[in-house]
Amino acid sequence: MRLGHLGKIGIGWAIISVLGIGAFVASKQSRRQESYENMKFVNECVNRTLDNTK
13 MRLGHLGKIG IGWAIISVLG IGAFVASKQS RRQESYENMK FVNECVNRTL DNTK
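Residues in the sequence shown are numbered consecutively from 13, following the numbering used here.
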């Protein structure tokens, strides 16, 4: 079965949309992990500072 011009355009947009959404989700998860690592680091620094003031 041959695809017409609009069918090819539709498939192209579907692929672009799926890749774009996938990239967005991956970026969001990466930023969330980075934020978590930063919070852990800040928490460790605060705990060390509080321990040194005792």
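Every residue gets a Cβ at the ideal spot worked out from N, C-alpha and C, and that includes glycine. It should be emphasised that the depicted structure is a prediction, and the values quoted were computed from it without experimental measurement.
Which of the three DSSP states, helix, strand or coil, is assigned to residue i?
i	result
residue 15	coil
residue 65	coil
Using the C-alpha atoms, what's the distance from residue j back to residue i?
i	j	result
residue 53	residue 20	50 angstroms
residue 42	residue 35	10 angstroms
residue 30	residue 40	15 angstroms
residue 78	residue 49	This structure does not reach residue 78, given that the chain is present from 13 up to 66, and the question cannot be answered.
Can you list, in chain order, the residues of its chain with a C-beta nearer than 8 angstroms to that of residue i? Leave out the 5 residues immediately preceding and following it.
i	result
residue 23	15
Checking contacts by CB at 8 angstroms: is residue i closer than that to chain C?
i	result
residue 22	The structure shown contains no chain C; it is built from a single protein chain.
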